[in-house]
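Shown next, in structure tokens, is the structure this report addresses.
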Amino acid sequence: MIDLHAHVLYGIDDGPRTVHDTLGVIRQAASDGTRSIVAVAHANDGHFNVIPEQYERAFEIACREIASAGLNVQLIPAMEVRLGPQLAEGYRQGRFLAMGGTGYFCVELPPNDFPAYTLDTLFELSLEGLRILLIHPERNRGLRRRPELMERLLNMEILGVASGGSLLGQFGPEVQAATWQLIEGGLIQAVATDGHSIAKRPLRLSAYEPVLSRRYGDPVAESMLQGVPSHVLAGRPVELIPHPRIGWRRFFGAR
Amino acid sequence: MSPEMSQLMDPKLVVLTAPRSVAAEQYRALRTNLEFMSVSGALARIMVTSGTPGTGKSLTASNLAIALAQAGKNTLLVDADLRRPMVHHLFGNANLSGLTTALTRPDEWEKYVQRGPVGGLSVLTSGPIPPNPSELLSSPIMMDLLGQFSRNYDIVIIDTSPVVSFTDAVALSQGVDGVILVVRAGHTSRKGDLKGKERLTQVHARFLGVVLNDIAMQDGAYSYY
Ligand SMILES: Nc1ncnc2c1ncn2[C@@H]1O[C@H](COP(=O)(O)OP(=O)(O)O)[C@@H](O)[C@H]1O
Ligand SMILES: [Fe+2]
Ligand SMILES: [Mg+2]
Numbered sequence: 000m001i002d003l004h005a006h007v008l009y010g011i012d013d014g015p016r017t018v019h020d021t022l023g024v025i026r027q028a029a030s031d032g033t034r035s036i037v038a039v040a041h042a043n044d045g046h047f048n049v050i051p052e053q054y055e056r057a058f059e060i061a062c063r064e065i066a067s068a069g070l071n072v073q074l075i076p077a078m079e080v081r082l083g084p085q086l087a088e089g090y091r092q093g094r095f096l097a098m099g100g101t102g103y104f105c106v107e108l109p110p111n112d113f114p115a116y117t118l119d120t121l122f123e124l125s126l127e128g129l130r131i132l133l134i135h136p137e138r139n140r141g142l143r144r145r146p147e148l149m150e151r152l153l154n155m156e157i158l159g160v161a162s163g164g165s166l167l168g169q170f171g172p173e174v175q176a177a178t179w180q181l182i183e184g185g186l187i188q189a190v191a192t193d194g195h196s197i198a199k200r201p202l203r204l205s206a207y208e209p210v211l212s213r214r215y216g217d218p219v220a221e222s223m224l225q226g227v228p229s230h231v232l233a234g235r236p237v238e239l240i241p242h243p244r245i246g247w248r249r250f251f252g253a254r
Numbered sequence: 000m001s002p003e004m005s006q007l008m009d010p011k012l013v014v015l016t017a018p019r020s021v022a023a024e025q026y027r028a029l030r031t032n033l034e035f036m037s038v039s040g041a042l043a044r045i046m047v048t049s050g051t052p053g054t055g056k057s058l059t060a061s062n063l064a065i066a067l068a069q070a071g072k073n074t075l076l077v078d079a080d081l082r083r084p085m086v087h088h089l090f091g092n093a094n095l096s097g098l099t100t101a102l103t104r105p106d107e108w109e110k111y112v113q114r115g116p117v118g119g120l121s122v123l124t125s126g127p128i129p130p131n132p133s134e135l136l137s138s139p140i141m142m143d144l145l146g147q148f149s150r151n152y153d154i155v156i157i158d159t160s161p162v163v164s165f166t167d168a169v170a171l172s173q174g175v176d177g178v179i180l181v182v183r184a185g186h187t188s189r190k191g192d193l194k195g196k197e198r199l200t201q202v203h204a205r206f207l208g209v210v211l212n213d214i215a216m217q218d219g220a221y222s223y224y
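Heads up: the protein sequence lines correspond to chains E and Z, in order. Mind the numbering: the first sequence is residues 0 to 254 in numbering that gives the first Met the number 0, read in order. Mind the numbering: the second sequence is residues 0 to 224 in numbering that gives the first Met the number 0, read in order.
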């Protein structure tokens, strides 16, 4: 499996604190069958403002430690960049890193509102030749209050990645309900762990498979945990195609 | 056409994939008709639209553009359907940049034009989708770009969104020399077709004719004027 979003580098955000923490979460992921992890770190969010040099150093150290521990897990570099009005400019200046060589760029909305400049900013970023990956959109209150915004994001071909914890109700019933809505609407087409630590926010992707399978069937679960993530890592676009089970709408999945 | 190219391309681009088919012949007939009409006034920018969605605009625009290029015209195909862009799918092109990029960086618009599958055909895919397509498409920059396109090419074919659902094509019609309306037999509502035509007539678009795209005939496009 591929984890499109987890905090596994130590000492740069609210993820692991020490090298032992890092190896712990990587072992957890590996034993769960995860082979590739997009190793994000918070940037531009006020608390954690990782800069590229700092990120790259932490990334290299983690890769070295993983290799010398003999763990067969590949890390892909990426920042989880908090939305702000100047993202495209920041990207042009080299302050933010996209996801490895994939051309995808991870944007996190602020938790409480959906700023008026959001769509324009995302468009500006896409004009830089980037595809936007919206990280846990189900946790954004603005989007939950104004469902019509989902349609606008969809029209812009923006792809959402849910946090597995949202599916299980870890962020409350409102976020959980929003997750189903955004999946059924087609915005969310992949699930990642958003893992931070072994216990509280674990890196166990397989935990989300039963609930996805039960609601939408095995092929959908497979698509969200494996198919779409592998498309993203390959730098290919992910398109909506009709799905008989969700039927009335559109479906996630790759061509 | 190289084997890799035909793999990426949609087989429904019959002018290339099945040049001897009846459908391909009909696209070439459409080309001849346009050449004939342009005698009575320059037809450098031609917009392809419809009343309702899914009538075959993109296929018509793309096949027509190929046929024009094959006849030696230096042709540009522009995907101005920012609601449901299809040209990059049909031709197997990337779409990380395109018309919308050109609109935001008009000084370097030529950079975003891609080579088509036949000599003489250039393609400008839609580019990233903006939050508000009609605003971009009706902007003075768009009108100016259309002018620049026709300075560099013999003929520009513009694929658009349907007229009844969006104002985009009506705005674009103000920057082109002629409009082709695509209807689909047994598929589109007659009312939608008429309403589309009416909207365009209201803004005095030069109406070139109707393409009847009839899949019941199994062999694609048929045109009449
Ligand atoms: N003559 C035809 N024969 C077979 N399929 C067709 C024909 N015309 C259109 N289609 C199919 O119908 C769908 C809509 O065509 P498209 O050209 O994308 O329409 P539009 O641009 O008007 O939305 C596509 O799947 C296309 O392949
Ligand atoms: Fe995160
Ligand atoms: Mg179309």
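Virtual Cβ for every residue (Gly too), placed ideally from N, Cα, C.
Taking the beta strand (DSSP E) that residue i falls in, what are its first and last residues?
i: residue 181/Z; result: 177-183
i: residue 107/E; result: 103-107
i: residue 57/Z; result: Where residue 57/Z is concerned, there is no enclosing beta strand (DSSP E), although the alpha helix (DSSP H) it sits in stretches over 56-69.
i: residue 212/Z; result: 206-212
i: residue 78/Z; result: 74-78
i: residue 158/Z; result: 154-158
i: residue 4/E; result: 1-5
i: residue 40/E; result: 35-42
i: residue 227/E; result: Unbroken run through residue 227/E is the alpha helix (DSSP H), 227-232; no beta strand (DSSP E).
Check each candidate in the options and name the one with the smallest Cα separation from residue i.
i: residue 75/Z; options: 29/Z, 50/Z, 49/Z and 146/Z; result: 146/Z
i: residue 61/E; options: 142/E, 26/E and 186/E; result: 26/E
i: residue 56/Z; options: 38/Z, 32/Z, 12/Z and 41/Z; result: 12/Z
i: residue 230/E; options: 130/E, 49/E and 198/E; result: 130/E
i: residue 110/Z; options: 97/Z, 118/Z, 120/Z and 80/Z; result: 97/Z
i: residue 165/Z; options: 200/Z, 14/Z, 131/Z and 108/Z; result: 131/Z
i: residue 158/Z; options: 151/Z, 125/Z and 152/Z; result: 125/Z
i: residue 13/E; options: 199/E, 239/E, 237/E and 224/E; result: 199/E
i: residue 99/E; options: 167/E, 204/E, 76/E and 153/E; result: 76/E
i: residue 134/E; options: 176/E, 146/E and 186/E; result: 186/E
i: residue 233/Z; options: 70/Z, 160/Z, 31/Z and 184/Z; result: For chain Z, the structure presents residues 0 to 224; residue 233/Z sits outside this window and is missing.
i: residue 227/E; options: 46/E, 53/E and 132/E; result: 132/E
i: residue 151/E; options: 188/Z, 129/Z, 137/Z and 138/Z; result: 129/Z
i: residue 211/E; options: 232/E, 178/E and 1/E; result: 178/E
i: residue 51/E; options: 78/E, 73/E and 139/E; result: 78/E
i: residue 183/Z; options: 78/Z, 26/Z, 212/Z and 34/Z; result: 212/Z
i: residue 50/Z; options: 189/Z, 204/Z, 206/Z and 201/Z; result: 189/Z
i: residue 63/Z; options: 113/Z, 44/Z and 83/Z; result: 44/Z
i: residue 208/Z; options: 22/Z, 19/Z, 29/Z and 24/Z; result: 29/Z
i: residue 20/E; options: 28/E, 9/E and 29/E; result: 9/E
So does residue i have its beta carbon nearer than 6 Å to some heavy atom of ligand 3?
i: residue 80/Z; result: yes
i: residue 57/Z; result: yes
What do you reckon, is the C-beta of residue i under 6 Å from a heavy atom of ligand 2?
i: residue 193/E; result: yes
i: residue 137/E; result: no
i: residue 150/E; result: no
i: residue 34/Z; result: no
i: residue 123/E; result: no
i: residue 59/E; result: no
i: residue 79/E; result: yes
Between residue i and ligand 1, is the CB less than 6 Å from at least one heavy atom?
i: residue 37/Z; result: no
i: residue 196/E; result: no
i: residue 84/E; result: no
i: residue 48/E; result: no
i: residue 84/Z; result: no
i: residue 54/Z; result: yes
i: residue 11/Z; result: yes
i: residue 212/Z; result: yes
Terminal residues of the continuous alpha helix (DSSP H) containing residue i?
i: residue 53/E; result: 51-67
i: residue 141/Z; result: 139-151
i: residue 128/Z; result: Note, residue 128/Z: premise wrong, no alpha helix (DSSP H); not H, not E.
i: residue 25/E; result: 18-30
i: residue 200/Z; result: 189-201
i: residue 169/Z; result: 167-171
i: residue 47/Z; result: Segment 44-48 is the beta strand (DSSP E) holding residue 47/Z; no alpha helix (DSSP H) there.
i: residue 86/Z; result: 86-90
Would you say the beta carbon of residue i is closer than 6 Å to some non-hydrogen atom of ligand 5?
i: residue 197/Z; result: In the structure on display, ligand 5 does not appear, and the ligands it does have are ligand 1, ligand 2 and ligand 3.
Taking the runs of the beta strand (DSSP E) that are 3 residues or longer, which of them lie wholly in the stretch 98-125 of chain Z? Fully enclosed beta strand (DSSP E) runs of 3 or longer: 120-123.
In the stretch 76-163 of chain E, which residue ranges form an unbroken beta strand (DSSP E) of at least 3 residues, counting only runs that do not cross its ends? Considered as a whole, the stretch 76-163 of chain E harbours 103-107, 130-134 and 158-162 as its complete beta strand (DSSP E) runs of no fewer than 3 residues, in chain order.
Completely contained beta strand (DSSP E) runs for the stretch 183-220 of chain E, where each covers 3 or more residues: Unbroken beta strand (DSSP E) stretches of 3 residues or longer found wholly inside the stretch 183-220 of chain E: 187-191, given in chain order.
Hey, which unbroken runs of the alpha helix (DSSP H) at 4 residues or more fall wholly within the stretch 2-32 of chain Z? DSSP assignment within the stretch 2-32 of chain Z yields the following whole alpha helix (DSSP H) runs of 4 residues or more, N-terminal first: 2-7 and 13-16.
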